[in-house]
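**Q** Please find one structure pasted underneath; my questions will follow.
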Amino acid sequence: MSFYVLALVLTAAVLHACWNLLSKKTLGKVPFIFLVYLASAILYSPIIVFQINGNGSISSPALLYFSLSSAVLHLGYYIVLQKGYRSADLSVVYPLARGSGPLISSIAAILFLHEQLKWLTTFGLFLIVAGVLLITGLSLRKQGNRKMTTGLVYGVLTGLFIALYTINDAIAIKSYSVSPLSLTLDTNLFGAMMLFPFILSQKEELKREIKLNKWIIIAIAILSPAAYMLVLEALKYAPLTVVAPARETSILLGVFMGSKVFNEGEGKKRLIASALILGGIVALSFG
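For the sequence shown, the working numbering gives the first residue as 82, with consecutive numbering after it.
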């Protein structure tokens, strides 16, 4: 991994952890997600206009197909993630989602994109699984914690969506030379369009979200696309089995935030488990 790619991925990781912390502070239902999409489309529209003026066109059949499919997968991701945040701790859902995501996407990359499986990659995947089990297994056995079980389910489901949209977008970038900027912003625009019919009857909820969370909405609308565009840019220069796991360095920051900001329990154990996951990420990066 070059220094340029590493800088892109680490910056993306910090931005990602920050917007997830902000997201945990809200109810995060459909009107909230719609407003984030809408705000993102508005705030980033000058960049799209600049691209159109510079290139004449930013449309292509590949861009249309992959941005639509990415929009569907990202919607599933946001809905499941926010449901997880409403039902369980950030320091459980976040590392499980970010850990299971690269685990699934790395396996998929090996199977479908024919990327090589090396011994360090195998070791890294093992550490990620160990970290996930440490976060959830002891608590499930010891306490029968329903909240922990809920966090496990939504965390892994979120990770599945992460893996699916990562594979989808990696193919778009690597095989069809789709612009990361265009893919991300078109995905957000299509996401807003898909949610529009569902929020027509929720005008009061929209007003409430704007009143209570307008600055959080604006912050996430900026941070979330920026973080993902950096990841997609990194995919142009490094394989998915390196970029997808390396971006998950945000796990430690996310767990620390959850433990300190929201006073979530088992902070030490979750940090140790996150360190295992991070160790797996490092092994995957070198592998």
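A virtual CB, placed ideally from N, CA and C, is assigned to each residue, including glycine. The structure presented is a predicted model; accordingly, all values stated were derived computationally and were not measured.
If I'm right that residue 240 touches residue 301 with Cβ under 8 Å, what's the distance once you round it to whole angstroms?
**A** As a position in the sequence shown, residue 240 is number 159, starting the count at 1. As a position in the sequence shown, residue 301 is number 220, starting the count at 1. Wrong, their Cβ atoms sit about 20 Å apart, outside the cutoff.
**Q** DSSP state of residue 281, grouped into three classes?
**A** Sequence index remark: in the sequence shown, residue 281 carries index 200 (1-based). Here residue 281 sits in coil by DSSP.
**Q** Report, in whole angstroms, the separation of the C-beta atoms of residue 354 and residue 112, which I expect to be a contact under 8 Å.
**A** If you number the sequence shown from 1, residue 354 lands on position 273. If you number the sequence shown from 1, residue 112 lands on position 31. Between residue 112 and residue 354 the Cβ distance is about 34 Å, and since that is not below 8 Å, they are no contact.
**Q** Which of the three DSSP states, helix, strand or coil, is assigned to residue 267?
**A** The residue given as residue 267 occupies position 186 in the sequence shown. Helix, per DSSP.
**Q** Can you round the beta-carbon distance between residue 31 and residue 166 to whole angstroms, since I take them to be within the 8 Å contact cut?
**A** Coverage of the chain is limited to positions 82 through 368, which leaves residue 31 absent and any answer about it impossible.
**Q** Check each candidate in 121, 114, 108, 109 and name the one with the smallest Cα separation from residue 304.
**A** If you number the sequence shown from 1, residue 304 lands on position 223. When each option's Cα is compared against that of residue 304, the closest is 121.
**Q** Could you check what DSSP says for residue 195 in three-state terms: helix, strand or coil?
**A** Residue numbering aside, residue 195 sits at position 114 when the sequence shown is read from its first letter. Residue 195 falls in the coil class under three-state DSSP.
**Q** In this structure, does DSSP put residue 108 in helix, strand or coil?
**A** Along the sequence shown, one-based indexing puts residue 108 at 27. Coil, per DSSP.
**Q** Excluding the five sequence neighbours on either side, which residues of its own chain have a C-beta within less than 6 Å of the C-beta of residue 181, listed in chain order?
**A** As a first step, residue 181 must be located in the sequence shown, where it is residue number 100. Around residue 181: 237, 240.
**Q** Hey, is the region 267-280 in contact with the region 201-214, meaning 3+ C-beta pairs nearer than 8 Å?
**A** no
**Q** Excluding the 5 residues preceding and the 5 following residue 97 in the sequence, name in chain order all residues of the same chain whose CB lies nearer than 6 Å to its CB.
**A** Here residue 97 corresponds to residue number 16 of the sequence shown, with the count starting at 1. Counting only Cβ-Cβ distances below 6 Å, and skipping sequence neighbours, we find 308, 331.
**Q** Evaluate residue 163 with the Cβ neighbour count: other Cβ atoms within 10 Å of its Cβ, from every protein chain shown; 16 or more gives buried, anything less gives exposed.
**A** Position 82 of the sequence shown, counted from the start, is the residue given in the question as residue 163. Per the 10 Å Cβ criterion, buried.
**Q** Mind checking whether residue 187 and residue 206 have CB atoms under 9 Å apart?
**A** Mapped onto the sequence shown, residue 187 falls at position 106. Mapped onto the sequence shown, residue 206 falls at position 125. Cβ atoms of residue 187 and residue 206: closer than 9 Å.
**Q** Between the Cα of residue 343 and those of 291, 171, 287, spot the shortest distance and give me the residue it belongs to.
**A** If you number the sequence shown from 1, residue 343 lands on position 262. With distances taken between Cα atoms, residue 343 lies closest to 171.
**Q** Between residue 243 and residue 169, how many whole angstroms is the CB-CB distance? I'm expecting something under 8 Å.
**A** The residue given as residue 243 occupies position 162 in the sequence shown. The residue given as residue 169 occupies position 88 in the sequence shown. So it is not a contact: roughly 17 Å between Cβ atoms.
**Q** Is the CB-CB distance between residue 201 and residue 364 below 9 Å?
**A** Numbered from 1 along the sequence shown, position 120 holds the residue referred to as residue 201. Numbered from 1 along the sequence shown, position 283 holds the residue referred to as residue 364. Yes, these two residues count as a Cβ contact at 9 Å.
**Q** Please state whether DSSP places residue 221 in a helix, a strand or coil.
**A** On the sequence shown, residue 221 is found 140 positions in, with the first residue counted as 1. Residue placement at residue 221 is flagged as unreliable, the pLDDT there being 49, under the threshold of 50; a coordinate-derived value is accordingly withheld.
**Q** Taking all protein chains shown into account, do 16 or more other C-beta atoms lie within 10 angstroms of the C-beta of residue 227, making it buried, or fewer, making it exposed?
**A** Taking the first residue of the sequence shown as 1, we reach residue 227 at position 146. A residue is called buried once 16 or more other Cβ atoms fall within 10 Å of its Cβ, and residue 227, having fewer, is exposed.
**Q** Would you check if there are 3 or more beta carbon pairs closer than 8 Å linking the region 140-152 to the region 90-109?
**A** No contact exists between the region 140-152 and the region 90-109.
**Q** Let me make sure I understand the geometry here. Which of 104, 263, 91, 154 has the alpha-carbon closest to that of residue 126?
**A** Looking up residue 126 in the sequence shown gives position 45. Ranking the options by Cα distance to residue 126, first place goes to 263.
**Q** Determine the DSSP secondary structure at residue 344, reduced to helix, strand or coil.
**A** Stepping through the sequence shown from its first residue, residue 344 is reached at position 263. Coil, per DSSP.
**Q** Between which two residues does the alpha helix (DSSP H) holding residue 142 run?
**A** Taking the sequence shown and counting its residues from 1, the one referred to as residue 142 is at position 61. Counting along the chain, the alpha helix (DSSP H) containing residue 142 begins and ends at 142-168.
**Q** Please name the residue in 245, 257, 229 whose C-alpha comes closest to that of residue 317.
**A** Taking the first residue of the sequence shown as position 1, residue 317 is located at position 236. That would be 257, whose Cα lies nearest to the Cα of residue 317.
**Q** Give the straight-line distance between the Cα atoms of residue 204 and residue 83, rounded to the nearest whole angstrom.
**A** The sequence position of residue 204 within the sequence shown is 123, counting from 1. The sequence position of residue 83 within the sequence shown is 2, counting from 1. Near 22 Å, if we compare the C-alpha coordinates of residue 83 and residue 204.
**Q** Within this structure, are the beta carbons of residue 273 and residue 154 separated by less than 9 Å?
**A** The residue given as residue 273 occupies position 192 in the sequence shown. The residue given as residue 154 occupies position 73 in the sequence shown. Contact flag unset, no.
**Q** Report, in whole angstroms, the separation of the C-beta atoms of residue 261 and residue 313, which I expect to be a contact under 8 Å.
**A** As a first step, residue 261 must be located in the sequence shown, where it is residue number 180. As a first step, residue 313 must be located in the sequence shown, where it is residue number 232. That pair is a contact at about 3 Å.
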